[in-house]
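Below is one structure, written out as structure tokens; the observations come after it.
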Amino acid sequence: MKFLLAAINAKYIHSNPAVYSLRAYAAEGLRQYVELAEYTINQPMEEILADIYRRRPEVIGFSCYIWNWRLIQELLWELPKLLPKTRLWLGGPEATYGADVILGKYPWLSGIMVGEGEETFKELLEYYVNSEKAEESSYTALTEPEKDYMQEKPCVQKRLREISGLCLPTGYTGQRGLMDMNSIPFLYDDLSVFQNRIIYYESSRGCPFCCSYCLSSVEKPVRVRDIGVVKRELQFFLDNRVKQVKFVDRTFNCHHAHAMAVWRYIQTHDNGVTNFHFEISADILQEDELALLREMRPGLVQLEIGVQSANPQTLAAIHRSPDLERLERAVAAIGRGSNIHQHLDLIAGLPYEDFESFGKSFDRVYRMRPHQLQLGFLKVLRGSEMWERAGEYGIRCLEQPPYEVLCTRWLSYEEVLRLKGIEEMVETYYNSMQFTHTLPFLEKAFSGPFAMYEALADFYRERGCFGANPARSYRYRLLFDFASRRDGAREAVYRELLTYDMYLRENLKSRPEFAHDLKDYKEEISSFYKKEAAERRFLDGYEGCDWKQLSRMTHLEPFAYPVWDMPKLLEGYGDIEAMESEGGFALFDYGKRNPLNYEAKTWQFAVMRGEESQG
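Using numbering that gives the first Met the number 0, the first residue of the sequence shown is number 0, and each one after it goes up by one.
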């Protein structure tokens, strides 16, 4: 007997911890009957169908989420044609809510596992292994217009009804209690299948908050895995030098002692390679947590912080009550450490948030200067309070996953489209972290960041660039053209800022067309590298390289303006001509990079005078 647990992930680098947890929880004697298969939504349905067919499973269980539900539905229509005796089961949040409706649409389904599935799956697997054995005698043929399919006999369904946590064609079998987190075995005994993939780890379940758009709030209370167990499992990742471990705890720092213990452990046992990702609530961070975070190695930890809105009425409607001022102070305190990547989230389409209000929320969060700002759109998830109150709020959304908002009482579809354009510009220019010097200066030409990205989106639309996915180098050119049109008096500064941003990240094979010609500086640059090859004042780690090799492996660029000194440049925005002679040379060392933004290590100096400063 083979029970195939099938996961269809959004990307290849992702994995599905749910199916690994189900298999791990099965007793040793049952685990041999479980086979895992992971696919991605980018694979053709026919390819997935063929792979499942070749495996010939007696039972299939699909892990269902908004990102894979469409594809799974296609498979549900096709699999019975090729594997008519194979029983089909569903689980996961997309199947849990509205399970009876799904069974009505696909009557050949054997059933749906509802809620936490480890214990339910174990009992279901045991049932199939010990009782049914996938025998044809367990089936009875049912007929509907133009379709024949197989379904368990009534006597078999009676035995299934003894397993709690199932929704069967005959109804629900009863709710199962919440899992003890310490009863779940460790998922990752074999890391070979996770090469170049994100490792997901769960140290708690449940969420203390009641956000109306989220299904995590349905699952209460918060349950925490024993810290001794967590430490042993984290050490396994550290010993194996896993690149990234992403905690899927819904609000990691809601349990202060637990968060401190985990953070102290990874800080003390840091291997210099592994990165840990946490989703937190910044406004409840305590001083000892902030102090500990400041001690972390740059790149050891990254934080995802959900803000969602800065509109008090909106926050009240979605049952969030963050102290925004405290959140801002926490984000600023973490930012001053320059050692932790921060990712902040906003949601468009929430109640009482119109276009103007969202712009104010955007500007407030943007000015916290996270490394990335995600502008997401409300997903009206079935089973959530937002779904139940959609009519009250005038929310219209897509009928199919991801159930994304189309319009609300406060936000028209036209305005949603405008926000989509802004989202793309934020993703292209801000979240790429490739324009860290150009963008702050360009903001000065607008009333605020939101207005800047709205104008940039209009510019892209005018140029016909949306959907074209322009090459990275061309994005620089587009931003230069946009800045020159908007703020032409400072074109020379934008030319240098964009050049600086480009060389911070890449030792270019060919110079950008907007960059200055270096022919007047060739002698000065070669003199610098000859001296550097002899004295090694700046460039270590290049032993055995002569001056020509050094010049190819690093880069020296002249600037008229001090483009590396953003506070000074921003202060002089109104009289920028006065700063034209305050530049110098920037040396870019690509052998040493900032782990948070991948920028090259830099020095700034006047070559002939030998005055230098480190960036």
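Each residue gets a CB set at the ideal place from its N, CA and C atoms; glycine is no exception.
Query raised in the report: At which residues does the beta strand (DSSP E) containing Ser202 begin and terminate?
Result: Element bounds for Ser202: n/a, residue is neither H nor E.
Report task. For Ala347, write down the residues that DSSP places opposite it in a beta bridge. Result -> Answer by DSSP bridge pairing, in chain order: Phe376.
Requested in this report: Out of Glu73, Ser383, Asp545, Ile394, point me to the one whose CA is closest to Ser525's CA.
Outcome: Asp545
Query raised in the report: Between Tyr597 and chain B, is there a C-beta pair that is closer than 8 angstroms?
Result: Looking at the structure shown, chain B is missing, and only one protein chain is on hand.
Requested in this report: Under 8 angstroms Cβ to Cβ from Ile317, same chain only, skipping five residues before and after it: list those, please.
Outcome: Cys210, Ser211, Tyr212, Gln307, Ser308, Leu349, Pro350, Met385
Query - Every unbroken beta strand (DSSP E) inside the region 271 to 299 [3 residues or more] - result: 274 to 279
Query raised in the report: Is DSSP giving Asp362 helix, strand or coil here?
Result: helix
Query raised in the report: In this structure, does DSSP put His13 in helix, strand or coil?
Result: coil
Query raised in the report: Going straight from the alpha carbon of Arg160 to that of Ala98, what length do you get?
Result: 15 angstroms
Report task. Count the other C-beta atoms from every protein chain shown that fall within 10 angstroms of the C-beta of Lys146, then say buried if there are 16 or more, exposed otherwise. Result -> Because Lys146 carries a pLDDT of 47, less than 50, the predicted location of this residue cannot be relied on, and the following value inherits that uncertainty. So Lys146 counts as exposed.
**Report entry** Whether Asn181 touches Val228 by CB criterion (8 angstroms)
**Finding:** yes
Report task. Count the other CB atoms, across all protein chains shown, that sit within 10 Å of the CB of Ala6; report buried if there are 16 or more and exposed otherwise. Result -> Buried: at least 16 other Cβ atoms inside 10 Å.
Requested in this report: Could you tell me whether the Cβ atoms of Gly382 and Ile346 are closer together than 8 angstroms?
Outcome: no
Query raised in the report: Measuring CB to CB, does Pro92 end up less than 8 angstroms from Tyr52?
Result: no
Report task. Could you tell me which of Asp248, Trp76, Thr85, Cys166 sits nearest to Ala94, measuring between CA atoms? Result -> Cys166
Query raised in the report: For Trp602, does the three-state DSSP call read helix, strand or coil?
Result: In the structure shown, Trp602 falls within a strand segment according to DSSP collapsed to helix, strand and coil.
Query raised in the report: Taking Lys104 as the reference, which of Ser163, Thr119, Pro168 has the closest Cα?
Result: Pro168
Report task. Indicate the three-state DSSP secondary structure (helix, strand or coil) for Gln475 in the structure shown. Result -> One detail in the question is off: residue 475 reads as Tyr in this sequence, not Gln. Correct three-state label for Tyr475: helix.
Query raised in the report: Do Ala389 and Val330 have their C-beta atoms closer together than 8 angstroms?
Result: Going by C-beta atoms, Ala389 is not nearer than 8 angstroms to Val330.
**Report entry** Buried versus exposed call for Gly358 [16 or more other C-beta atoms within 10 Å across all chains shown]
**Finding:** buried
Requested in this report: Look at the Cβ atom of Tyr459, then the Cβ atom of Met424, and state whether they are nearer than 8 angstroms.
Outcome: yes
Query raised in the report: Rounded to whole angstroms, how far is the Cβ of Glu118 from the Cβ of Arg175, which I believe are closer than 8 angstroms?
Result: 6 angstroms
Requested in this report: Might you give, ordered along the chain, the residues of its own chain that have their beta carbon closer than 6 angstroms to the beta carbon of Phe449, omitting 5 neighbours on each side?
Outcome: Gly358, Phe361, Asp362
Query raised in the report: Does the Cβ of Ile111 have 16 or more other Cβ atoms within 10 Å, making it buried, or fewer, making it exposed?
Result: buried
Requested in this report: Look up Lys419 in the DSSP assignment and say whether it is helix, strand or coil.
Outcome: Helix.
Query raised in the report: Excluding five sequence neighbours on each side, which residues of the same chain lie with their C-beta closer than 7 angstroms to the C-beta of Pro207?
Result: Once the five neighbours on either side are set aside, the close Cβ partners of Pro207 are Val221, Thr250, Cys253.
Requested in this report: Taking the CB atoms as reference points, tell me whether Gly582 and Phe604 lie closer together than 8 angstroms.
Outcome: Not a contact, by the Cβ cut-off of 8 angstroms.
Query raised in the report: Does DSSP put Tyr493 in a helix, a strand or coil?
Result: helix
Requested in this report: Would you check if the region 483 to 502 and the region 395 to 405 touch, i.e. whether three or more CB-CB distances between them fall below 8 angstroms?
Outcome: Because the criterion of three Cβ pairs below 8 angstroms is not met, the region 395 to 405 and the region 483 to 502 do not touch.
Query raised in the report: How far does the alpha helix (DSSP H) with His554 in it reach, from first residue to last?
Result: Premise fails: His554 lies in the beta strand (DSSP E), 553 to 558, not in any alpha helix (DSSP H).
Report task. Quick one: grab the DSSP three-state call for Tyr589. Result -> strand
Query raised in the report: Where do the ends of the alpha helix (DSSP H) carrying Gln243 lie?
Result: Counting along the chain, Gln243 falls outside any alpha helix (DSSP H), though it belongs to the beta strand (DSSP E) covering 243 to 246.
**Report entry** Under 8 angstroms between C-beta atoms of Val272 and Tyr200
**Finding:** no
Requested in this report: Buried or exposed for Asp179, please, with buried defined as at least 16 other CB atoms from any protein chain shown within 10 angstroms of its CB.
Outcome: By the Cβ neighbour-count rule, Asp179 is exposed, with fewer than 16 other Cβ atoms within 10 Å of its own.
Query raised in the report: Using the beta-carbon count (16 or more within 10 Å), is Glu387 buried or exposed?
Result: exposed
Query raised in the report: Can you tell me where the alpha helix (DSSP H) with Ala260 in it begins and where it stops?
Result: 255 to 267
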